[in-house]
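Chains W and A, in that order, are what the protein sequence lines are.
For the first sequence, numbering that gives the first Met the number 0 gives the first residue as 0, with consecutive numbering after it.
For the second sequence, numbering that gives the first Met the number 0 gives the first residue as 0, with consecutive numbering after it.
In this text, a Cβ means the ideal position worked out from N, Cα and C, and glycines have one as well.
Quick caveat: nothing in here was measured; it's all calculated off a predicted structure.
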Amino acid sequence: MTDVMTEVAIKLAVVFVMFFGVMNLAGLHTWIERKQSAIIQDRIGANRASIFGFRLMGLLHPLADAVKMFTKEDLVPAGADKVLHTLAPAFSVFFALVAFAGIPFGDRLVLGDRIIELQPAKIDIALLYIFAMLSLGVYGVILAGFASRNNYAMLGGLRATAQMISYEIALGIAIIGIVMVYGTTDLQEIVRGQGGNYWGWIPRWGIVVQPVAFFVFLTAALAETKRIPFDLPEGESEIIGYFVEYSGMKFGMFFLTDFLETILVACLATTLFFGGWQVPYLISDGFHFPWGAVLPVSQWTYVLLGVTSFSIKVLVFCFLFMQIRWTLPRFRYDQLMNLGWLGLFPISVANMLVTAVVLQLTGGRP
Amino acid sequence: MAVKVMRRRELTFWEQLYLPQILTGLRITFAHFFRNMFFHTAHSLGLLKQFAAAVTFQYPEQPRPLANRFRSRHRLTVREEGTPRCVGCMLCETVCPAKCITIVAGEHPDPNVEKYPVRFDIDLGVCVYCGFCVEVCPEDAIRMDTQILDVAAYSRNAMKLDIHELMNPALRKPLPEGSCTLKFPHVCQLSGGHVKGSWEEVYGKGAAHAAPIHPGHY
Numbered sequence: 000m001t002d003v004m005t006e007v008a009i010k011l012a013v014v015f016v017m018f019f020g021v022m023n024l025a026g027l028h029t030w031i032e033r034k035q036s037a038i039i040q041d042r043i044g045a046n047r048a049s050i051f052g053f054r055l056m057g058l059l060h061p062l063a064d065a066v067k068m069f070t071k072e073d074l075v076p077a078g079a080d081k082v083l084h085t086l087a088p089a090f091s092v093f094f095a096l097v098a099f100a101g102i103p104f105g106d107r108l109v110l111g112d113r114i115i116e117l118q119p120a121k122i123d124i125a126l127l128y129i130f131a132m133l134s135l136g137v138y139g140v141i142l143a144g145f146a147s148r149n150n151y152a153m154l155g156g157l158r159a160t161a162q163m164i165s166y167e168i169a170l171g172i173a174i175i176g177i178v179m180v181y182g183t184t185d186l187q188e189i190v191r192g193q194g195g196n197y198w199g200w201i202p203r204w205g206i207v208v209q210p211v212a213f214f215v216f217l218t219a220a221l222a223e224t225k226r227i228p229f230d231l232p233e234g235e236s237e238i239i240g241y242f243v244e245y246s247g248m249k250f251g252m253f254f255l256t257d258f259l260e261t262i263l264v265a266c267l268a269t270t271l272f273f274g275g276w277q278v279p280y281l282i283s284d285g286f287h288f289p290w291g292a293v294l295p296v297s298q299w300t301y302v303l304l305g306v307t308s309f310s311i312k313v314l315v316f317c318f319l320f321m322q323i324r325w326t327l328p329r330f331r332y333d334q335l336m337n338l339g340w341l342g343l344f345p346i347s348v349a350n351m352l353v354t355a356v357v358l359q360l361t362g363g364r365p
Numbered sequence: 000m001a002v003k004v005m006r007r008r009e010l011t012f013w014e015q016l017y018l019p020q021i022l023t024g025l026r027i028t029f030a031h032f033f034r035n036m037f038f039h040t041a042h043s044l045g046l047l048k049q050f051a052a053a054v055t056f057q058y059p060e061q062p063r064p065l066a067n068r069f070r071s072r073h074r075l076t077v078r079e080e081g082t083p084r085c086v087g088c089m090l091c092e093t094v095c096p097a098k099c100i101t102i103v104a105g106e107h108p109d110p111n112v113e114k115y116p117v118r119f120d121i122d123l124g125v126c127v128y129c130g131f132c133v134e135v136c137p138e139d140a141i142r143m144d145t146q147i148l149d150v151a152a153y154s155r156n157a158m159k160l161d162i163h164e165l166m167n168p169a170l171r172k173p174l175p176e177g178s179c180t181l182k183f184p185h186v187c188q189l190s191g192g193h194v195k196g197s198w199e200e201v202y203g204k205g206a207a208h209a210a211p212i213h214p215g216h217y
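This is the structure in structure tokens:
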């Protein structure tokens with residue numbers, strides 16, 4: 000009995016670490032967005048919110064935002080479907096959050112005879128699971144458009160759905176290359192497969208074997224998460240999107256979903272193409288540098304280094320997505336569809352075929 | 000009229016690839032980001048303050064420098080003995096397109112001056128800041144060079160400036176009790192709109208005959 004309790008406690012702790020990290024990073028995203036855009040544009044950015052005169056570089060603005068969101072009036076349009084209208088943002092956030100269960104953020108931690116996998120849920124088909132959850136996120140969007148009883152919201156919802164479904168295909172096919180190379184859909188195994196080096200010095204990361212897939216994945220993932228330059232579903236000030244009829248925290252939840260999905264995509268890109276928690280030249284007993292030096296590290300250090308490495312990579316991706324957001328102008332809708340169906344889709348299929356041929360010729364693992 | 004056909008330039012293959020163009024764009028934003036980040040970091044360490052990391056003026060603390068000819072809140076210029084230079088000629092009140100100036104002229108004890116404003120009010124809620132009053136003044140008695148921009152109030156009444164604030168731009172609303180330092184007879188809004196003061200306070204007893212000022216509201 001106590002054994003079960005300990006198992007549950009450990010699992011809860013792992014889940015908590017993931018949840019805590021992700022939610023805080025999502026909250027911080029509003030700050031990163033403001034500050035990074037400000038610095039890119041030679042401005043200073045939001046820095047006025049203060050507690051007892053402490054401004055903390057504008058770090059309190061997300062807090063003020065949250066307070067504002069919660070205290071704002073929550074409007075449901077007359078004649079709208081109240082249940083679905085309320086359910087839609089919850090759907091969005093829920094599916095964005097549960098997807099994180101499949102992300103491994105560290106190697107296994109061995110405590111005595113107990114092996115702790117640093118992955119909220121050990122799923123053999125984690126990759127499929129995450130993609131399923133990402134796809135289910137569409138429901139939040141289309142329900143929001145549908146339940147608002149507003150023609151513009153409806154159109155916005157349809158537009159968003161069309162975009163997400165179109166890019167999901169390119170996204171999925173781009174990933175098949177990775178699945179073929181590593182021969183598994185278990186993300187923890189995919190990350191393990193990325194350990195070691197080619198020719199002794201190039202890390203065996205996914206981007207080395209699947210560079211084309213990486214770029215297709217990145218582009219499609221940006222579109223999937225509705226970030227600029229693919230933010231046609233939202234475009235807060237310019238285009239009427241699916242959440243016109245939302246206010247207060249319900250709107251805030253759609254916003255949060257956006258940031259959560261961005262982080263999820265950053266996690267996925269890290270896991271699939273940048274070696275997840277792998278640190279270059281580090282294997283479980285220490286650093287093995289290409290010039291022959293060996294620096295042994297303890298098991299705890301090894302795991303912590305892995306978690307740190309994963310976090311840093313995710314942060315870098317978040318930063319990169321933000322940078323792209325403030326660099327590129329928005330696509331037109333026909334350009335968006337053209338890029339998805341005539342650009343990324345054929346490229347990803349070609350990538351899959353080439354990968355298959357190469358794998359067949361080299362016989363299995365690269 | 001000749002028709003000029005504008006043909007859209009075809010994208011080159013390099014541009015159609017799109018990725019290199021994205022990298023070009025990213026280079027610009029990254030250059031700005033890292034340059035500004037470098038100077039922000041240096042500033043926080045107290046270094047390289049002469050290079051700006053942002054073009055922002057942190058407004059209330061760091062006002063933006065204004066041009067000398069900038070038309071800001073009005074003021075009445077003052078003679079040595081503390082009376083307004085204004086001679087009550089009514090030119091500004093007449094020329095004002097917004098009709099925001101109210102002057103009541105009174106007799107000045109000095110025969111060379113003849114008149115002065117017993118009351119001089121400007122309603123800033125109505126003023127259009129055209130500067131005609133300054134242009135038209137023959138005595139250089141009104142100027143718009145206080146560099147005060149943040150004129151704001153919760154009521155229309157509070158937007159009205161009377162002679163105290165016009166002669167002393169340092170005074171800001173709400174005016175404290177007893178901040179009236181004017182000695183000559185004037186309509187004192189600070190003490191309920193009554194006429195207050197006498198020329199004897201300005202020039203001393205018997206130095207000039209006190210012009211009769213009728214008591215009451217103006």
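I'd like the list of long-range same chain contacts for residue i, defined as Cβ closer than 7 Å, with 5 residues on each side in sequence excluded.
i	result
V406/W	Outside the shown range of chain W, which is 0 to 365, sits residue 406/W, and nothing can be said about it.
G130/A	R70 and M143
A169/W	V215, A219, G339, L343, F344 and S347
F90/W	Y138, G139 and L142
A209/A	Here A209/A scores only 49 on pLDDT, less than 50, and its place in the model should not be relied on; the value that follows carries that caveat. Within the same chain, A209/A has close Cβ partners P108, S197, W198 and E199.
A95/W	G136, T256, L259, E260 and L263
A45/W	R33, G57 and H60
Closest Cβ-Cβ distance between residue i and chain A: below 8 Å?
i	result
L135/W	no
Q322/W	yes
W366/W	Residue 366/W is absent from the structure shown; chain W starts at 0 and stops at 365.
L343/W	no
F216/W	no
With 16 as the cutoff for other CB atoms within 10 Å, does residue i come out buried or exposed?
i	result
H213/A	In this predicted model, H213/A has a pLDDT of only 49, less than 50, meaning its place in the structure is not dependable; the value taken from the coordinates is given anyway. Per the 10 Å Cβ criterion, exposed.
M351/W	buried
G215/A	Reliability of the predicted coordinates at G215/A is poor, the pLDDT of 47 falling under 50, and no value is obtained from them.
S190/A	exposed
Q359/W	exposed
Y58/A	exposed
S165/W	buried
S43/A	exposed
D161/A	buried
M5/A	exposed
Y332/W	exposed
A268/W	buried
Using the beta-carbon of each residue, which ones in chain W are nearer than 8 Å to residue i?
i	result
H31/A	I38, I39, Q40 and D41
L18/A	F214
T28/A	I39, Q322, W325 and T326
Take residue i and list the residues in its own chain whose beta-carbon comes closer than 6 Å to its own, dropping the five residues that flank it on each side.
i	result
K195/A	C187
L18/A	none
G240/W	G155, P232 and E233
Would you mind telling me which residues of chain W sit closer than 7 Å to residue i, beta carbon to beta carbon, in chain order?
i	result
G24/A	T326 and L327
A151/A	Within chain W, no residue comes near A151/A; the closest Cβ sits about 18 Å away, beyond 7 Å.
A53/A	D41, R42 and I43
Indicate whether at least one CB of chain W lies closer than 8 Å to the CB of residue i.
i	result
N156/A	no
T40/A	no
M36/A	yes
I21/A	yes
Just to make sure I have the definition right: I need the residues of chain W whose C-beta is within less than 9 Å of the C-beta of residue i. Which are they?
i	result
I100/A	In chain order: nothing, as chain W lies at least about 38 Å away.
Distance cutoff 8 Å, beta carbons only. Does residue i sit that close to anything in chain B?
i	result
M5/A	The question asks about chain B, but that chain is absent: this structure's protein chains are W and A.
Please work out which residues of its chain come closer than 8 Å, Cβ to Cβ, to residue i, disregarding the five sequence neighbours upstream and downstream, and give them in chain order.
i	result
K159/A	D120, I121, D122, L123 and G124
C317/W	L24, H28, I31, T261, I262 and A265
E72/W	S246 and G247
At least 3 beta-carbon pairs within less than 8 Å: the region 248 to 266 of chain W vs the region 134 to 146 of chain W
yes
Should the region 311 to 318 of chain W be regarded as contacting the region 269 to 279 of chain W, the criterion being three or more beta carbon pairs within less than 8 Å?
yes
Three CB pairs or more closer than 8 Å across the region 100 to 113 of chain W and the region 123 to 130 of chain W
yes
Under 8 Å, with one C-beta from each stretch per pair, do the region 321 to 328 of chain W and the region 226 to 243 of chain W reach the 3-pair mark?
yes
Are the region 75 to 87 of chain W and the region 143 to 160 of chain W touching by the rule of at least three beta carbon pairs closer than 8 Å?
yes
Evaluate contact between the region 73 to 91 of chain A and the region 162 to 169 of chain A, counting only Cβ atoms and requiring at least three cross-stretch pairs below 8 Å.
yes
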